[in-house]
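Trainee:
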Amino acid sequence: MLLAILLALTPLPAFAASKAETEAQFRQWLQQDLWPEAQKAGISASAFKAAFADVKLNWDLPDLAPPGTKPPNEQKQSQAEFSSPGAYFSEQRLQGLAATGRSLAKTHAATLRRIEKNYGVPGSVVLAIWGRESGFGRAKIPHPVMDVLATKAFMSSRPELFRRELIAALHILESGDVREADMRGSWAGAMGQPQFLPSSFLQYAVDFDGDGRRDIWSSVPDVLGSIAHYLSEKGWQRGRDWGFEVSIPEGVSCAQEGPDLAKPISAWARDGITRISGKAFPSSEASASGMMLVPAGRHGPEFIVTPNFYVIKEYNNSDLYALFIGNLADRISSGGGAFRGTWGDVGKMLRSEVLKMQKSLQAKGYDVGKADGLAGYKTRRSLGDWQTRNGLAATCFPDVSLKAKL
0 MLLAILLALT
10 PLPAFAASKA
20 ETEAQFRQWL
30 QQDLWPEAQK
40 AGISASAFKA
50 AFADVKLNWD
60 LPDLAPPGTK
70 PPNEQKQSQA
80 EFSSPGAYFS
90 EQRLQGLAAT
100 GRSLAKTHAA
110 TLRRIEKNYG
120 VPGSVVLAIW
130 GRESGFGRAK
140 IPHPVMDVLA
150 TKAFMSSRPE
160 LFRRELIAAL
170 HILESGDVRE
180 ADMRGSWAGA
190 MGQPQFLPSS
200 FLQYAVDFDG
210 DGRRDIWSSV
220 PDVLGSIAHY
230 LSEKGWQRGR
240 DWGFEVSIPE
250 GVSCAQEGPD
260 LAKPISAWAR
270 DGITRISGKA
280 FPSSEASASG
290 MMLVPAGRHG
300 PEFIVTPNFY
310 VIKEYNNSDL
320 YALFIGNLAD
330 RISSGGGAFR
340 GTWGDVGKML
350 RSEVLKMQKS
360 LQAKGYDVGK
370 ADGLAGYKTR
380 RSLGDWQTRN
390 GLAATCFPDV
400 SLKAKL
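One point on numbering: in numbering that gives the first Met the number 0, the residue at position 311 of the sequence shown is 310, and numbering is uninterrupted.
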């Protein structure tokens, strides 16, 4: 009995409203808050009414903050541990995607030739992104996009982002490119087989099959053409590769990494950097710019990449993602295999530990980029510079032995 009384007196979490009350608030928000903005953006009243007639809040989505509750706390730095990059490059998965990609390259050869002519992006790169994003269209894309975007615009920790995407989705529906019932996406609102957010759809989706609609849900030509158009608009350099796995001699500092330290590929070759395949760099690349990339420092595969590598990163801002796409594209186009370099003993440090290293380097005058506990290229090369200046072998990657020294 005493326990019941104490529980009754204990303040409950700040749930200001029941689900039914929140649903009512949501309908009020649509009319009083969102509709004026949509109207200002050029959405008609009839299109707005039709778009939200059957929209429901999806309470199963992550990262929700219903009215009257506190937003979810960010995970503490000390709880987020690195994992080895090697796990990202599952050989079984890459082999499976490559085999399917080679088959689809034949099936869609005419479309891919036209894409390469129009946009200059190799078909193998387009296929690799298609495979990575949606398993060549075979992955289940479960969520009604309007439900997701409306839910997150109304009650997520980043409402402004999703509000913009929701307005963009209304423009898509009013354009007639897709019926609302067919406009499906991920839990984060990324749509269709290329996984475009609505704003990206409006800017980059193309009608490549000529039927008058941009259909990234069921038209393979539109899917492939839209991916290529995206990369082209982001700056893809026609006729250039994405990059090359290389061997960097011990006498060449790994602290020369980064897109801001580009130099001609012939200059990297003169430094003694060679392709790990044993082949020479293509003569067409000799005078063009290249950048060193050592995502695990001296503990993993090493690369000279081209500006096209950073164009792939525009699709997903991750070195590992861009390397996955490049490797898969090589497997599709020329039967390439796994990277020769092995991912060493990395992934043992907590983000909080790396953050301390970054702050120590900053205190010594080094530019580590954003001090966030993630070892980006500025952190890696700053660490390599510090190691060299202090008589240590430059590894360009944080490890436990360096904590006390820093």
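Ideal Cβ positions, reconstructed from N, Cα and C, are used throughout, including at glycine.
Taking three-plus beta-carbon pairs below 8 Å as touching, is the segment 303 to 317 in contact with the segment 237 to 256?
Mentor: With the cut-off at 8 Å, the segment 303 to 317 and the segment 237 to 256 touch.
Trainee: Quick one: what does DSSP say His142 is sitting in, helix, strand or coil?
Mentor: In the structure shown, His142 sits in a strand (DSSP, three-state: E or B).
Trainee: So is Arg26 buried or exposed if we call it buried at 16+ other beta carbons inside 10 Å?
Mentor: exposed
Trainee: Determine the direct distance from the alpha carbon of Asn326 to that of Ala127, and round the result to whole angstroms.
Mentor: 9 Å
Trainee: Look at the Cβ atom of Phe195, then the Cβ atom of Ile215, and state whether they are nearer than 8 Å.
Mentor: Contact: yes.
Trainee: Could you tell me whether the Cβ of Gly188 comes closer than 8 Å to any Cβ of chain B?
Mentor: Given the protein chain composition of this structure (a single chain), no chain B is represented.
Trainee: Beta carbon of Thr387, beta carbon of Ala254: below 8 Å?
Mentor: yes
Trainee: Under three-state DSSP, which class holds Gly242?
Mentor: strand
Trainee: What does the Cβ neighbour count give for Glu284, buried or exposed, with the cut at 16 atoms within 10 Å?
Mentor: Buried.
Trainee: Hey, Ser359 and Leu405 are a contact pair by Cβ (cut 8 Å); roughly how many whole angstroms apart?
Mentor: 4 Å
Trainee: What are the boundary residues of the alpha helix (DSSP H) that Pro173 is part of?
Mentor: One point to set straight first is that residue 173 is Glu, not Pro, in the sequence displayed. It spans Pro158 to Ser174 - the alpha helix (DSSP H) in which Glu173 sits, taken as one unbroken run.
Trainee: Taking the alpha-carbon positions, what's the Gly175 to Gln202 distance?
Mentor: 16 Å
Trainee: Using a threshold of 8 Å, state whether the C-beta atoms of Glu301 and Gly346 are closer than that.
Mentor: no
Trainee: So, at 7 Å on beta carbons, what are the nonlocal neighbours of Glu249 in its own chain, with the 5 sequence-adjacent residues on each side left out?
Mentor: Within the same chain, and ignoring the five residues on either side of Glu249 in sequence, no residue has its Cβ closer than 7 Å to its Cβ.
Trainee: Can you tell me whether Thr387 is helix, strand or coil according to DSSP?
Mentor: helix
Trainee: With a 10 Å radius around its C-beta and 16 neighbouring C-beta atoms as the bar for buried, classify Glu164 as buried or exposed.
Mentor: buried
Trainee: For Leu410, is the classification buried or exposed, using 16 other Cβ atoms within 10 angstroms of its Cβ as the cut-off for buried?
Mentor: Outside the displayed span of the chain (0 to 405) sits residue 410, for which this structure offers no information.
Trainee: Okay, do the segment 144 to 162 and the segment 81 to 93 touch, 3+ Cβ pairs below 8 Å being the bar?
Mentor: no
Trainee: Within the same chain, show all residues whose beta-carbon is closer than 8 Å to that of Leu148, passing over the 5 residues directly before and after it, in chain order.
Mentor: Excluding five sequence positions before and after Leu148, the CB atoms of its chain that fall closer than 8 Å to its own CB belong to Phe161, Glu164, Leu165, Ala168, Gly188 and Pro197, given in chain order.
Trainee: For Pro220, which residues from the same chain have a beta carbon less than 6 Å from its beta carbon, with the 5 sequence-adjacent residues on both sides left out?
Mentor: Thr110, Phe207 and Asp208
Trainee: Tell me whether Thr21 is buried or exposed, calling it buried when 16 or more other Cβ atoms sit within 10 Å of its Cβ.
Mentor: Flag for Thr21 reads buried.
Trainee: Between which two residues does the alpha helix (DSSP H) carrying Phe302 extend?
Mentor: Element bounds for Phe302: not the alpha helix (DSSP H) but the beta strand (DSSP E), Glu301 to Val304.
Trainee: Mapping the DSSP letters down to three states, classify Leu319 as helix, strand or coil.
Mentor: helix
Trainee: Under the assumption that Glu232 contacts Arg379 (Cβ atoms under 8 Å), give the Cβ distance between them as a whole number of angstroms.
Mentor: 30 Å between Cβ atoms; not a contact.
Trainee: Under DSSP, the alpha helix (DSSP H) around Leu93 begins and ends at which residues?
Mentor: Where Leu93 is concerned, the enclosing alpha helix (DSSP H) stretches over Glu90 to Thr106.
Trainee: Taking Cβ to Cβ, would you say Ile272 is nearer than 8 Å to Val251?
Mentor: yes
Trainee: For Ala50 versus Met190, is the C-beta distance shorter than 8 Å?
Mentor: no
Trainee: Measuring straight from C-alpha to C-alpha, what distance separates Lys69 and Lys18?
Mentor: 16 Å
Trainee: Looking at the secondary structure, which residues open and close the alpha helix (DSSP H) in which Gly335 lies?
Mentor: No alpha helix (DSSP H) contains Gly335, which DSSP labels as neither H nor E.
Trainee: Among all the DSSP beta bridges, which residues are the ones paired with Met190?
Mentor: Gly184 and Phe195
Trainee: Ignoring anything shorter than 4 residues or poking outside the segment 243 to 298, list the alpha helix (DSSP H) runs there in chain order.
Mentor: You should have 264 to 269.
Trainee: Cutting at 6 Å between CB atoms, please list the residues of its own chain near Trp129, excluding the five before and the five after it.
Mentor: Phe135
Trainee: Below 8 Å CB to CB, which residues in the same chain sit around Gln361 once its five sequence neighbours on both sides are set aside?
Mentor: Val367 and Ala370
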